[in-house]
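Here's the structure, in structure tokens; my notes come after.
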Amino acid sequence: MVPFTLLISSLLCAPALAAPATTGGDSNLHRDLLLVQSFKKQITSDPHGYTRNWTGNDVCKFGGFRCADNPNTGLKALSGIDLNNFELEGNPLKLEGFLDKLTDLTFFHANTNGFTGELPKDLSALKWLWELDLSSNQLSGPFPEAVLNANLVFLDLRFNGFDGPLPEKLFELDLDTIFLNDNKFGGSIPATIGSTPARYITLANNQFKGRIPETLGNAKSLEEILLLGNRLSGPLPTVYKTENLTVFDVSNNKLSGPVPEALCELKKVQLVNLTNNNFDGALGPACAKLVENDVLDVSNNCIKGAKGQKSASECTK
Numbered sequence: 029m030v031p032f033t034l035l036i037s038s039l040l041c042a043p044a045l046a047a048p049a050t051t052g053g054d055s056n057l058h059r060d061l062l063l064v065q066s067f068k069k070q071i072t073s074d075p076h077g078y079t080r081n082w083t084g085n086d087v088c089k090f091g092g093f094r095c096a097d098n099p100n101t102g103l104k105a106l107s108g109i110d111l112n113n114f115e116l117e118g119n120p121l122k123l124e125g126f127l128d129k130l131t132d133l134t135f136f137h138a139n140t141n142g143f144t145g146e147l148p149k150d151l152s153a154l155k156w157l158w159e160l161d162l163s164s165n166q167l168s169g170p171f172p173e174a175v176l177n178a179n180l181v182f183l184d185l186r187f188n189g190f191d192g193p194l195p196e197k198l199f200e201l202d203l204d205t206i207f208l209n210d211n212k213f214g215g216s217i218p219a220t221i222g223s224t225p226a227r228y229i230t231l232a233n234n235q236f237k238g239r240i241p242e243t244l245g246n247a248k249s250l251e252e253i254l255l256l257g258n259r260l261s262g263p264l265p266t267v268y269k270t271e272n273l274t275v276f277d278v279s280n281n282k283l284s285g286p287v288p289e290a291l292c293e294l295k296k297v298q299l300v301n302l303t304n305n306n307f308d309g310a311l312g313p314a315c316a317k318l319v320e321n322d323v324l325d326v327s328n329n330c331i332k333g334a335k336g337q338k339s340a341s342e343c344t345k
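Here it is, written out as structure tokens:
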């Protein structure tokens, strides 16, 4: 089963209208044209030919660029860039000096390209930037602090080479979606995760260790959380105020202890994947019912009376 079936299609669509652009109108468009022309010079490979029409003086007609009228001035502004799956390469291809200068953007989608290095140090000038998708690039370094000073709603940094701990402030931001899976992030998951307003979080396939914070159960807006493929250990949280939770996947970790009945009693849950851990004890009636309904998967654990468990010798190690 593919776990990344998150219900976010509305967030991935470009907004129909930009938020009010910074003052300057057409002068900003001319500035942005020069920035795009400079960025184009970095590109050494464009296998699909998407940049062939990046010519002329109207950046709004360039492939992947979106403009919208400023509702205050009636002047056009560069409201968004969508370079998804362009597979652009450079020597190097950098975001610094490009993304951070496009002050009227509401979204920047650039997954599946060859961006390298770190994010720009400061994105605070992008007052209207709501969506940032840089997944499937070659970005690296610690968690980008610039993100903490932006006004993002959607953050996707999946499939890169970021490492180190996550800042506590990340889960205090007004983010709806946080996709950080398949990097090299490590350390403990911050306890502030219990304060997040996010609905969708994936930290899967990183190097997180230690316990899942008990505070996770306080994340009332949370609908889907994917923590699979880490080095998490200890028991699961025991209290769950996450009434809208539908997907909970902590498979392929080193978790132990009993499976909390409170998790299985959540009314909207559709998938609970606890496979390949060290859970033990016996399942309560609510959890047993979820197993029967193919909602809860506890295979390859040490749970008494459950099917498909580890051998006795494995469970006594």
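The sequence shown begins at 29 in the numbering used here and counts up by one.
Each residue gets a CB set at the ideal place from its N, CA and C atoms; glycine is no exception.
- Between the beta-carbon of residue 311 and that of residue 319 there is about 7 Å, and that keeps the pair under the 8 Å contact cut.
- Proximity of the stretch 272-288 to the stretch 296-311 meets the contact definition, three or more beta-carbon pairs being nearer than 8 Å.
- DSSP places residue 199 in the helix class (H, G or I) of the three-state scheme.
- Counting other Cβ atoms within 10 Å of its Cβ, residue 188 reaches 16 or more and is therefore classed as buried.
- Across the structure, residue 143 and residue 292 are spaced so that their CA atoms are roughly 42 Å apart.
- Across the structure, residue 274 and residue 303 are spaced so that their CA atoms are roughly 17 Å apart.
- For residue 126, same chain residues with a beta-carbon under 7 Å away, outside a window of 5 residues either side, are 63 and 67 in chain order.
- Pairwise C-beta distances place the stretch 75-85 out of contact with the stretch 136-153, as fewer than three of them are shorter than 8 Å.
- About 12 Å separates the beta carbons of residue 226 and residue 254, which is beyond the 8 Å limit, so they are not a contact pair.
- Excluding residues up to 5 positions away in sequence, 216 lie with their Cβ nearer than 6 Å to the Cβ of residue 238 in the same chain.
- Counting only the Cα atoms, residue 175 lies some 19 Å from residue 234.
- When the five nearest sequence neighbours on each side are left out, the beta carbons in the same chain lying within less than 6 Å of the beta carbon of residue 170 are those of 192, in order along the chain.
- With respect to the C-alpha of residue 149, the residue from 172, 264, 256 and 82 having the closest C-alpha is 172.
- In the structure shown, residue 287 falls within a coil segment according to DSSP collapsed to helix, strand and coil.
- A distance of 8 Å or more separates the beta carbons of residue 221 and residue 190.
- Excluding residues up to 5 positions away in sequence, 135 and 182 lie with their Cβ nearer than 6 Å to the Cβ of residue 159 in the same chain.
- In the DSSP secondary-structure assignment, residue 73 is bridged to 117.
- For residue 159, the three-state secondary structure derived from DSSP is strand.
- If you keep only unbroken alpha helix (DSSP H) runs of at least 4 residues inside the stretch 234-319, you get 289-292.
- Separation of residue 70 and residue 218 (C-alpha to C-alpha, rounded to the nearest whole angstrom) is 38 Å.
- Listed as beta-bridge partners of residue 96 by DSSP are 105.
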